[in-house]
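Residue numbers (this note's numbering): -5 to 346.
For every residue, glycine included, the Cβ atom is placed at its ideal position computed from N, Cα and C.
None of the values given here were measured: they were computed from a predicted structure.
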């Protein structure tokens, strides 16, 4: 209860400052979406990078499998290979510009995130990525993180939103909240990075877990919108369910632009998918925004589907994401460097 009260006070303070600095939501007469430049567009990427561990054994976590002596024989060279591959994806996913903000799922804390940001060539004299991550309740030490280009956006504040329910046995990853200000326009954006509970224990058996997290996230959004109804909110991450599930549509209240509501699921009507399960493509990696992000035009959602991120599926017709391991076997692929992830990254471009 104490942690919950502190969190509510934090979100109220950050939202109040956003209300004071928020730009008007009307578009200038001389400006339209066709004249927007890269400097007027905020590019946000979400990527489940699949088990991006550092190889050190944490005695307080169940991360033994991803150590040199573990079943995956996870070594520093393999970690660096994966880090450089992820950097390649981030560098090319946004087209001519690198994403301003990158949300990551399945990262083992700041050590792994900092390697990606600082030791792969991802940052240069034009882009300066910094990291945000907090300790996670997840037993393996896997959580969410955010990279942001400090030359393009200013971090105003961040904290983890506690969504576990220990009295019911739910110890799940926190939602990472971060508030940014775009340096070129002074727009304020609230980002919530999610990785909701999986269906590992069964889809029906685990639905209450995702519903519970959805309710907590909805409460956070409502708190921001009650202070500033034009607040620009972006929810992203791996929600471990499709856009038509109860947790997203009914509890979180995220639908499409054709429906009335505060939250809009930009990935709800896409025909491009980010995840393949038993030969069937679907999207469980969502980007959901508030109405305030649409004051110029509708933000554009896309899936980054570069050929190098895919390989032939041996069990089903077609291709699948090129993951780092196939079972417990390291996926050497054609270049002997392993794969990328079992998810494809998704992006949103928000005109400011």
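Boundaries of the beta strand (DSSP E) harbouring residue 259: 257 to 259, taken from the DSSP string.
At a Cβ-Cβ threshold of 8 angstroms, residue 141 and residue 123 count as neighbours. Around the C-beta of residue 216, fewer than 16 other C-beta atoms lie within 10 Å, and the residue is accordingly described as exposed. For the pair residue 269 and residue 71, the Cα-to-Cα distance works out to about 27 angstroms.
Under the 8 angstroms Cβ criterion, the segment 193 to 205 does not count as touching the segment 169 to 179, having fewer than three qualifying pairs. Under a 10 Å Cβ-count criterion, residue 51 is classified as exposed, with fewer than 16 other Cβ atoms of the shown protein chains found around its own Cβ. For residue 285, no pairing in a beta bridge is given by DSSP.
Straight through space, the alpha carbons of residue 296 and residue 46 are spaced by roughly 23 angstroms. By the C-beta criterion, the segment 83 to 95 is judged to be in contact with the segment 295 to 311, since at least 3 inter-stretch pairs fall below 8 angstroms.
Under DSSP, residue 270 shares a beta bridge with 275.
A distance below 8 angstroms between beta-carbons, with the five flanking residues on each side excluded, links residue 211 to the following residues of its chain, in chain order: 155, 157, 169, 186, 188, 229, 246. Secondary-structure assignment with DSSP links residue 35 through a beta bridge to 345. Following the DSSP letters along the chain, one finds residue 143 inside the beta strand (DSSP E) bounded by residues 137 to 143.
The C-beta of residue 259 has 16 or more other C-beta atoms within 10 Å across all chains shown, which makes the residue buried. Assigned with DSSP and collapsed to three states, residue 118 falls in coil, not helix or strand. With 16 or more other CB atoms across the displayed protein chains lying within 10 angstroms of its CB, residue 279 is buried. Taking a contact as a CB-CB distance under 8 angstroms, the pair residue 292 and residue 65 does not count as one, their CB atoms being some 46 angstroms apart. The three-state reading of DSSP puts residue 293 in coil, since its state is none of H, G, I, E or B. With at least 16 other beta carbons inside 10 angstroms of its own, residue 337 counts as buried. Here residue 139 is not near residue 179, since their CB atoms are 8 angstroms or more apart. Contact between residue 165 and residue 129 does not hold, since the beta-carbon distance rounds to 12 angstroms and is not under 8 angstroms.
Taking a 10 Å sphere around the C-beta of residue 220, we find fewer than 16 other C-beta atoms and assign the residue as exposed. Counting only the Cα atoms, residue 73 lies some 27 angstroms from residue 277. Across the structure, residue 318 and residue 241 are spaced so that their CA atoms are roughly 30 angstroms apart. Around residue 333, the same chain offers 316, 317, 318, 325, 327 as residues with beta carbons nearer than 7 angstroms, after the five sequence neighbours per side are excluded. Looking only at 184, 143, 306, 102, the smallest Cα-Cα distance to residue 118 is reached by 143.
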